[in-house]
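What follows is a set of notes on a single structure, which appears directly below.
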Amino acid sequence: MRRRSVSQALMRAPAVAPGSRVYREVKDERAWVIVEVVGQENTVLECNDGVLDLGFHELLYANDQSYADMTSMEHLHEPGLLENLRTRILEQRLPYTFMSTVVVAVNPLMAVPQPEMDEYKDAAFGSRDPHPYAVAELAYARLTGPGAPDQSIVV
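Residue numbers (our numbering): 7 to 161.
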C-alpha cells in the first residue's frame, strides 16, 4: 500500500491532465523547472522527473509560448514571468518585453540589432516589437494630445 501524505488525507486536488506542463520548485537553487505530468493520485503528481506533492501549494501551469506583453500571458505568476523573460532573451535574442506600458529590459551581454527610431514614430502602442522607443512615442503622443494629463517617466 502506498503511503499517503498529510495533504492527501485532508484534501482533494483538482484533476491535472497527463501531458500538462507545470512548474516544480527547486528549493536549493531558488528556481523552478518545467515538468510534464504523467499521472496523478490526489495531490501527488507523477511527473517525468519524479514526484511532485502539491500539498497545500498552488499548481503553477507553464505557458505554451512566449509573450511580447506579459499581461497577455495565460498563466501569470512568478515562474511564468521569469521563464518568459528567459525565453525571449536566450532563445529569441529579444532583450525587451512589455508589462502593459512598462518596458522590461534584460541585459543581453551582447550586441543586439537596434530598430530605426522612425519605425516607432506615430505607430500604435503594441503594434511594434517591445522597445524603449515605443514607450517614448506613447508618452510623447499623450503629452501632446488633446487634454493631455501630466506625465512622468521612470527610467
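Every residue, glycine too, gets a C-beta built ideally from N, C-alpha and C. If you're wondering where the values come from, they're calculated on a predicted model, not measured in any experiment.
Grab the span of the beta strand (DSSP E) containing residue i for me, first residue to last.
i, result
"Y139", "Run containing Y139: none in the beta strand (DSSP E); it sits in the alpha helix (DSSP H), P138 to T150."
"D59", "G56 to D59"
"V50", "V50 to C53"
So, are the CB atoms of residue i and residue j less than 9 Å apart?
i, j, result
"E121", "R134", "It should be pointed out that residue 121 corresponds to Pro in this sequence rather than to Glu. Yes, they are a contact pair."
"A21", "L60", "no"
"F131", "T93", "no"
"E47", "G25", "no"
"T103", "D75", "yes"
"V44", "R30", "no"
"A140", "R148", "no"
"V57", "L91", "no"
"S78", "E97", "no"
Less than 8 Å between the CB atoms is what I'm expecting for residue i and residue j, so what's the real figure, rounded?
i, j, result
"L100", "P85", "Wrong, their Cβ atoms sit about 19 Å apart, outside the cutoff."
"A68", "V28", "6 Å"
"A145", "Q157", "6 Å"
For residue i, does the three-state DSSP call read helix, strand or coil?
i, result
"E42", "strand"
"E64", "coil"
"E122", "coil"
"D34", "helix"
"Y73", "coil"
"A129", "coil"
"V22", "coil"
"R134", "coil"
"V28", "strand"
"M7", "Caution applies to M7, whose pLDDT of 48 falls short of 50 and renders its modelled position unreliable; the value that the coordinates give is listed next. Coil."
"D156", "coil"
Could you tell me if the beta carbon of residue i falls within a distance shorter than 8 Å of some heavy atom in the ligand SAM?
i, result
"A68", "Summarising the ligand content, the structure contains no ligands, and the ligand SAM is consequently not present."
- prompt: Quick one: complete beta strand (DSSP E) runs, 3+ long, within the region 75-118?
  reply: Taking only runs of at least 3 residues, the beta strand (DSSP E) segments lying wholly in the region 75-118 are 102-105 and 108-111.
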